[in-house]
Every structure is written in C-alpha cells, then in structure tokens.
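To keep things clear, I will list the structure first and then write my remarks on it.
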Amino acid sequence: MDSFSGDATARARRYLRSRDASILLAPARGLHGDVMQSTRSTFLKVFGRREAFELEWRVYRRLRSAGVLAVSGFAVPSLLDADPTLGVLELSRVQPPFVLDFASVTIDQTPEQRWPDEPGRLQASWARAEEAFSAHPPAHWARVVALYEEFGRRFGVWMLDLHPGNIAFADADRSVPCPTPPRKSMGVR
Ligand SMILES: Nc1ncnc2c1ncn2[C@@H]1O[C@H](COP(=O)(O)OP(=O)(O)OP(=O)(O)O)[C@@H](O)[C@H]1O
Ligand SMILES: [Mg+2]
Numbered sequence: 097m098d099s100f101s102g103d104a105t106a107r108a109r110r111y112l113r114s115r116d117a118s119i120l121l122a123p124a125r126g127l128h129g130d131v132m133q134s135t136r137s138t139f140l141k142v143f144g145r146r147e148a149f150e151l152e153w154r155v156y157r158r159l160r161s162a163g164v165l166a167v168s169g170f171a172v173p174s175l176l177d178a179d180p181t182l183g184v185l186e187l188s189r190v191q192p193p194f195v196l197d198f199a200s201v202t203i204d205q206t207p208e209q210r211w212p213d214e215p216g217r218l219q220a221s222w223a224r225a226e227e228a229f230s231a232h233p234p235a236h237w238a239r240v241v242a243l244y245e246e247f248g249r250r251f252g253v254w255m256l257d258l259h260p261g262n263i264a265f266a267d268a269d270r271s272v273p274c275p276t277p278p279r280k281s282m283g284v285r
C-alpha cells in the first residue's frame with residue numbers, strides 16, 4: 097500500500113494517547129502530511145504517503161546518528177520518536193533560524209546524478225527556489241546555497257524543496273549586508 101490508511105488527526109491522537117499526550121495546536125496541512133504540536137512541546141508530522149515518510153525518517157535517523165543539532169547556523173529538529181505503522185514522526189521544536197522538511201531530497205547522489213537527462217528541469221527548480229527567497233535580503237540566498245551544499249557534503253542529503261517555510265531565518269537576520277549570491281543547479285521536486 098502506498099498510503100497510510102486513516103485520517104491523519106486520528107493517527108496523531110492514537111500515537112499521542114499511548115504516550116500520555118495530546119494535540120496542542122490544530123494540524124496544518126502541508127505538502128506531505130499534517131503538522132501539529134503536541135502537549136509535550138514536540139511537533140508531529142503525520143504523513144499521507146509511505147514513500148515520503150520513509151525518506152524523511154531515513155534522513156532524520158542519519159542526522160541523529162551524526163548527533164546533528166545545527167547545520168551552517170540553522171537549527172535542525174531532533175528525531176525523538178516515530179511510528180512507521182501510523183506514519184508519524186515526532187520532532188523536537190526548533191526556532192528560526194532553522195532547516196527542516198526532508199521529504200523531498202536525494203540521498204547519496206546529487207540531483208544532477210539522479211536526473212542526468214533533465215538539466216532544464218533542475219535549472220527551473222533552482223530558479224523557483226531563488227524566487228522563493230526574493231523578498232529576503234540577497235545575503236540570505238548565499239546562506240541557503242551554503243546550507244544546501246553543506247547538507248549534501250556532510251550527510252549525502254540534497255534538499256530539493258528550498259523555500260522559506262523549510263529554511264527559516266530569524267527576524268534579526270533581516271538586515272545583513274549583501275554579497276553577490278552564487279548560482280548553482282539543483283534538483284526537481
Ligand atoms: N520541529 C519543528 N519545529 C518548529 N516548527 C516546525 C517543526 N516541524 C514543522 N514545523 C513548522 O511546520 C511547517 C510545516 O512543516 P514541514 O515543512 O515539515 O511540512 P510539509 O508537509 O512539508 O509542509 P509544506 O508543504 O508547507 O512544506 C514548517 O514550515 C514549520 O513552520
Ligand atoms: Mg515544508
């Protein structure tokens with residue numbers, strides 16, 4: 097089966113009940129599932145599709161094995177617990193600047209290696225990512241690129257979904273000066 101059966105909120109309640117906790121804030125629907133806060137100060141990500149769950153779970157386990165709390169100055173949530181039957185990841189809560197959401201990544205190969213025949217799509221995807229940060233100071237884009245490269249180099253995880261919801265800057269960062277932002281190719285979603 098490709099998808100988890102049952103409503104995401106019901107699965108989250110079931111997951112939390114067995115841990116003497118409950119949902120604190122109503123779920124927000126995301127691309128890959130519902131995200132909600134629990135009464136034990138954690139975030140739950142409740143997936144619709146198994147493939148996305150397995151991918152993100154794998155990345156978080158890899159990061160946990162490496163003892164990672166931050167990359168390139170961005171806090172990374174810690175994987176606290178998971179239930180592969182219910183499709184739930186439980187993560188520590190992070191504050192900006194943070195990076196999260198590893199449901200759209202390539203692992204152990206760059207997007208260019210994964211899709212060698214699709215340079216146009218990769219380029220378009222990279223342009224979309226840059227556009228997503230266009231309201232930010234240009235220096236932020238350089239930091240996003242540095243983060244992307246460090247993630248790939250250190251963990252073999254290449255993020256495909258670069259936007260301000262997944263890479264959040266602290267408000268205090270908004271007045272930093274602006275070097276020329278680098279360009280780079282990247283993957284498709
Ligand atoms: N551990 C966490 N700590 C703090 N905020 C979080 C955490 N997990 C998720 N969030 C918040 O919930 C939002 C959605 O989470 P995430 O990006 O993992 O889900 P998604 O399904 O991919 O959603 P989207 O399609 O909006 O990207 C994040 O942008 C962030 O604001
Ligand atoms: Mg996201």
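Taking the working numbering, the leading residue of the sequence shown gets 97, the next gets one more, and so forth. Glycine residues also receive a C-beta, built at the ideal position from the N, C-alpha and C atoms.
Per DSSP, reduced to three states, the secondary structure at Gly261 is coil, with no helix or strand assignment. Not a single heavy atom of ligand 2 lies less than 6 Å from the C-beta of Asp130. Non-local C-beta neighbours of Glu152 in its own chain, meaning closer than 6 Å and more than five positions away in sequence, comprise Phe198, Ala199, ordered along the chain. Asp269 sits in a helix when the DSSP states are folded into three classes. Separation of the CB atoms of Val240 and Ile263 is rounded to 6 Å, and the pair is thereby assigned contact status at 8 Å.
Taking 6 Å as the cut-off, one finds at least one heavy atom of ligand 2 near enough to the beta carbon of Gly261. At a cut-off of 4 residues, the continuous stretches assigned as alpha helix (DSSP H) that sit fully inside the stretch 151-216 are 207-210.
A straight line joining the alpha-carbon of Arg210 with that of Gly248 spans about 14 Å. The closest heavy atom of ligand 1 lies 6 Å or more from the beta carbon of Asp103. The count of Cβ pairs closer than 8 Å, one atom from the stretch 216-227 and one from the stretch 168-185, stays below three, leaving the stretches out of contact. Looking at the backbone, the Cα of Leu127 and that of Glu227 are separated by about 19 Å. A straight-line Cα-Cα distance of about 15 Å links Arg224 and Pro234. Annotation for Ala106: the continuous alpha helix (DSSP H) segment containing it runs 104-113. Spatial neighbours of Ala166 in its own chain (CB-CB distance under 8 Å, excluding positions within 5 residues in sequence) are listed in chain order as Val172. At a cut-off of 6 Å, the beta-carbon of Asp177 does not count as near ligand 2: no heavy atom of the ligand is closer than that. Taking 6 Å as the cut-off, one finds no heavy atom of ligand 1 near enough to the beta carbon of Gly216.
Contact annotation: the stretch 182-189 touches the stretch 131-146, with at least three C-beta pairs closer than 8 Å.
Around the beta-carbon of Ala122, fewer than 16 other beta-carbon atoms lie within 10 Å, marking it exposed. Residue state for Gly129 is assigned as strand, using DSSP reduced to three classes.
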